[in-house]
Amino acid sequence: LAALACVGTVSAQTDVTPAEPFKVGTFDIHGVPHVGVVLRDSLVIDIEVANMALEASPEYATVPMPTDMLELIGRYEYGLKYRLYEIVNDVVGNNRLSGSGRADYVYDVSELRTRAPILYPSKVMNAAVNFYTHACEGCTEEELQARTRERQENRGVPYLFLKPSRGAVIGSGQDVVMPYGRDRIEWEVEMAVVFGRTGKYISASRAYDHVFGYMVAMDISDRGGRPPGGNATRSDWFVGKGHDTFAPQGPWIVPKEFYGDPMERLHQSLVIDGVTVQEARAGDMIHNIPELIEYASSLITVFPGDVLQAGTSGGTGAGRVERATGSGYLQAGETISATIEGIGTLTHRVVAEESIPDDLSGAQLPSVESYRGR
């Protein structure tokens, strides 16, 4: 009985509905990463402090708050979401968001540093060439239609690759760094699917049961090929996809109950210095999100907080859309903004790595001068 009583004290009510939809993110508050609830894309609630205020009333059970986003995701469907609903209802219903009644645990987004929602996801899986327009970059409309019909008749299986997480994953507002000596850097806007449940061999029909929510992502890519001295006839995904800062994600996560079916709603775009270079909807996808989840989980087990990016559309690099720089690749000083309607916008400044230590060498690499192109 004592054990059952203890369980009861850590459970929120389960018949609660939120006063309004929300998102969740990670923000630096007084220099320390905190998990927050985002309302109206402009206000952040520090859930730890808000929960303490809520629990001061005896009608609310004690529910420990997560210390990071991975914990929030893992506990969300085990009662935590209802406590978040209660927090939202309290601040909205009691006018704690603005004016003289504003709570000290409510912040303007602009006051805080926005971090990647999941600081260190264990896996970042990416779908390569998963939009018909991306599979036919530079094609005429007639060529695109013919290539699309051909691919629709034989879609094959998805092509997935992994990106590093720590170092590559960055939050909105952080700089995208072009590595020293690498000047063919491209952009790709993508929807990121965040898993909420562990699973292996997940059928497409059950795929959304394993989803926690969605965020905006970019797959920044190095199209410069292998370094000098490498075999130029072979692709190198580590060089092409693995650099630091090449996996922007965020600005927050929309829990799935507030977004709906991405295959009906998805509308993504990317803008560079005011010029729209990419825009697409889900109908351009070769393999839909449930199919990607089924395929990925047939190969590896997915865990709460793992990320699957669904691919990008046409309009990447190589001068597809004329910009002020006249280049088809990113240039230092440009600003890139990726938007998914209903989720948010990632914005990043592009900077170039200007120097490296002079004493670098590599056991299996050509000389520093050759490797770095100087």
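For the sequence shown, my numbering assigns the number 6 to the initial residue and increments by one for each residue that follows. All C-beta atoms in this analysis are idealised placements derived from N, C-alpha and C, irrespective of residue type, glycine included.
Query raised in the report: In chain order, what residues of the same chain have a beta carbon less than 8 Å from the beta carbon of Ile175, not counting five sequence neighbours either side?
Result: As a first step, residue 175 is located in the sequence shown; it is residue number 170 there, counting from the start. For Ile175, where only same-chain residues beyond five positions count, the Cβ hits under 8 Å are Ala121, Val181, Thr250, Ala252, Pro253, Gln254, His353.
Query raised in the report: Alpha carbon to alpha carbon, what distance is there between Val276 and Gly322?
Result: Indexing the sequence shown from 1 puts residue 322 at position 317. Indexing the sequence shown from 1 puts residue 276 at position 271. Approximately 12 Å between the Cα atoms of the pair.
Requested in this report: Quick one: residues in its chain with C-beta nearer than 6 Å to the C-beta of Val356, no 5 flanking neighbours on either side, listed in chain order?
Outcome: Residue mapping note: residue 356 aligns to position 351 of the sequence shown, counting from 1. Result list for Val356: Asp180, Val182, Ala337, in chain order.
Requested in this report: Pair every Cβ in the segment 264 to 271 with every Cβ in the segment 185 to 193, then say whether three or more of these pairs are closer than 8 Å.
Outcome: no
Report task. Can you grab the Cα-Cα spacing for the pair Gly349 / Val198, in whole Å? Result -> Counted from its first residue, the sequence shown places residue 349 at position 344. Counted from its first residue, the sequence shown places residue 198 at position 193. Answer to the nearest angstrom: the Cα atoms are 14 Å apart.
Requested in this report: Taking all protein chains shown into account, decide if Gly106 is buried (16 or more other Cβ within 10 angstroms of its Cβ) or exposed.
Outcome: Translated into the one-based positions of the sequence shown, residue 106 becomes position 101. It counts as exposed.
Requested in this report: Enumerate in chain order the residues of its own chain whose CB-to-CB distance from Ser303 is below 7 Å, with the five nearest sequence positions on each side excluded.
Outcome: By one-based count along the sequence shown, residue 303 stands at place 298. Contacts found: Tyr206.
Requested in this report: Provide the residue span of the alpha helix (DSSP H) that contains Ile305, from first to last.
Outcome: Reading the sequence shown from its first residue, position 300 is the one you call residue 305. Ile305 -> no alpha helix (DSSP H), and no H or E assigned at all.
**Report entry** Close beta carbons around Ile341, own chain, < 6 Å, minus the five adjacent residues each side
**Finding:** Counting from 1 along the sequence shown, the entry for residue 341 is found at position 336. Excluding positions up to five away in sequence, the list reads Trp192, Ile277, His353.
Query raised in the report: Whole alpha helix (DSSP H) runs in the segment 140 to 218 with 4 or more residues, listed along the chain?
Result: 146 to 158
Query raised in the report: For Met70, which of helix, strand or coil comes out of DSSP?
Result: For this step, residue 70 is matched to residue 65 along the sequence shown. Note: Met70 maps to coil in three-state DSSP.
Query raised in the report: Is the CB-CB distance between Tyr300 and Val259 below 8 Å?
Result: In the sequence shown, residue 300 corresponds to position 295, counting from 1. In the sequence shown, residue 259 corresponds to position 254, counting from 1. Cβ atoms of Tyr300 and Val259: not closer than 8 Å.
Query - Of the residues Pro256, Tyr125, Arg231, Glu64, the one placed nearest Gly245, counting alpha carbons only - result: Against the sequence shown, residue 245 aligns to sequence position 240. Closest by alpha carbon: Arg231.
Query - Reduced DSSP secondary structure (H/G/I, E/B, other) of Tyr83 - result: Reading the sequence shown from its first residue, position 78 is the one you call residue 83. Here Tyr83 sits in helix by DSSP.
Query raised in the report: Is Leu297 helix, strand or coil by DSSP?
Result: Locating residue 297 in the sequence shown gives position 292, where the first residue counts as 1. Leu297: helix per DSSP, three-state reduction.
Query raised in the report: Candidates Leu167, Arg228, His139: which alpha carbon is nearest Gly288's?
Result: Here residue 288 is taken as the residue at index 283 of the sequence shown, counted from 1. Comparing Cα positions, the closest option is His139.
**Report entry** Same chain only: Cβ atoms within 8 Å of Glu158, ignoring 5 sequence neighbours per side
**Finding:** Indexing the sequence shown from 1 puts residue 158 at position 153. Correct list: empty, nothing qualifies.
Requested in this report: Identify whether Ile123 lies in helix, strand or coil by the three-state DSSP scheme.
Outcome: Residue numbering aside, residue 123 sits at position 118 when the sequence shown is read from its first letter. Secondary structure of Ile123 (DSSP, three-state): coil.
Query raised in the report: Which residue from Arg118, Cys141, Ala209, Asp95 puts its Cα closest to that of Gly178?
Result: By 1-based counting over the sequence shown, the position of residue 178 is 173. The shortest Cα separation from Gly178 among Arg118, Cys141, Ala209, Asp95 belongs to Arg118.
Query raised in the report: Does the beta-carbon distance from Gly36 to Asp51 come in below 8 Å?
Result: As a working mapping, residue 36 is identified with position 31 in the sequence shown. As a working mapping, residue 51 is identified with position 46 in the sequence shown. No.
Query - Extent of the continuous beta strand (DSSP E) to which Met380 belongs - result: Outside the shown range of the chain (6 to 379) lies residue 380, about which nothing can therefore be said.
Query raised in the report: Pick from Gly84, Asp241, Met130: whose alpha carbon is nearest that of Ile298?
Result: Here residue 298 refers to the residue found at position 293 of the sequence shown. The shortest C-alpha separation from Ile298 is found at Met130.
**Report entry** Nearest-angstrom Cβ-Cβ length linking Ala55 and Val96, presumed shorter than 8 Å
**Finding:** Taking the sequence shown and counting its residues from 1, the one referred to as residue 55 is at position 50. Taking the sequence shown and counting its residues from 1, the one referred to as residue 96 is at position 91. Contact flag correct, Cβ pair sits at about 7 Å.
Query - Range covered by the alpha helix (DSSP H) that runs through Gly319 - result: Along the sequence shown, read from residue 1 onward, the residue named residue 319 stands at position 314. First-last for Gly319: undefined, no H or E at that position.
Report task. Select from Gly319, Glu25, Pro309 the residue whose C-alpha is nearest the C-alpha of Arg45. Result -> Working through the sequence shown from its first residue, we reach residue 45 at position 40. The option with the nearest alpha carbon to Arg45 is Glu25.
Query - Paired residues, beta bridge with Lys28 - DSSP - result: Residue mapping note: residue 28 aligns to position 23 of the sequence shown, counting from 1. According to DSSP, which records beta bridges pairwise, Lys28 is partnered with Val43.
Report task. Using only alpha-carbon positions, find the residue among Leu351, Gly333, Gly319 that is nearest to Cys144. Result -> By one-based count along the sequence shown, residue 144 stands at place 139. Per the Cα distances, Gly319.
Query raised in the report: On the three-state DSSP scale, how would you describe Ser332?
Result: Working through the sequence shown from its first residue, we reach residue 332 at position 327. The answer is coil: DSSP assigns Ser332 none of H, G, I, E or B.
Query raised in the report: Got a sec? Which residues, its chain only, sit under 6 Å from Leu149 by beta carbon, not counting five neighbours each side?
Result: By one-based count along the sequence shown, residue 149 stands at place 144. Answer for Leu149: Cys141, listed in chain order.
Query raised in the report: Would you say the beta carbon of Gly288 comes nearer than 7 Å to a heavy atom of the ligand ADP?
Result: Among the components of this structure there are no ligands whatsoever, and the ligand ADP is therefore not found.
Query raised in the report: Quick one: what does DSSP say Leu48 is sitting in, helix, strand or coil?
Result: Indexing the sequence shown from 1 puts residue 48 at position 43. Correct three-state label for Leu48: strand.
Report task. Mind reading off the beta-carbon distance from Ile123 to Val312? Whole number of angstroms is fine, and I expect it under 8 Å. Result -> The residue labelled residue 123 in the question sits at position 118 within the sequence shown. The residue labelled residue 312 in the question sits at position 307 within the sequence shown. That belief holds up - the Cβ atoms of Ile123 and Val312 are roughly 7 Å apart, short of 8 Å.
Report task. Let me know if Tyr83 comes out buried or exposed under the rule of 16 or more other beta-carbons within 10 Å of its beta-carbon. Result -> Counting from 1 along the sequence shown, the entry for residue 83 is found at position 78. Exposed, since its Cβ has fewer than 16 Cβ neighbours within 10 Å.
Query raised in the report: By how many angstroms is the C-alpha of His39 removed from the C-alpha of Gly316?
Result: Start at 1 with the first residue of the sequence shown, and residue 316 comes out as number 311. Start at 1 with the first residue of the sequence shown, and residue 39 comes out as number 34. If you take the alpha carbons of Gly316 and His39, they lie about 30 Å apart.
Requested in this report: My understanding is that Glu256 touches Gly98, with C-beta atoms under 8 Å, so please give their C-beta distance in whole angstroms.
Outcome: Taking the first residue of the sequence shown as 1, we reach residue 256 at position 251. Taking the first residue of the sequence shown as 1, we reach residue 98 at position 93. The amino acid occupying residue 256 in the given sequence is Pro; Glu does not appear at that position. So it is not a contact: roughly 26 Å between Cβ atoms.
Query raised in the report: Based on Cα-Cα distance, which residue from Asp109, Leu102, Val280, Ser208 lies nearest to Gln339?
Result: Here residue 339 is taken as the residue at index 334 of the sequence shown, counted from 1. The residue you asked about is not Gln; residue 339 is Glu in the sequence shown. Among Asp109, Leu102, Val280, Ser208, the Cα nearest to that of Glu339 is on Val280.
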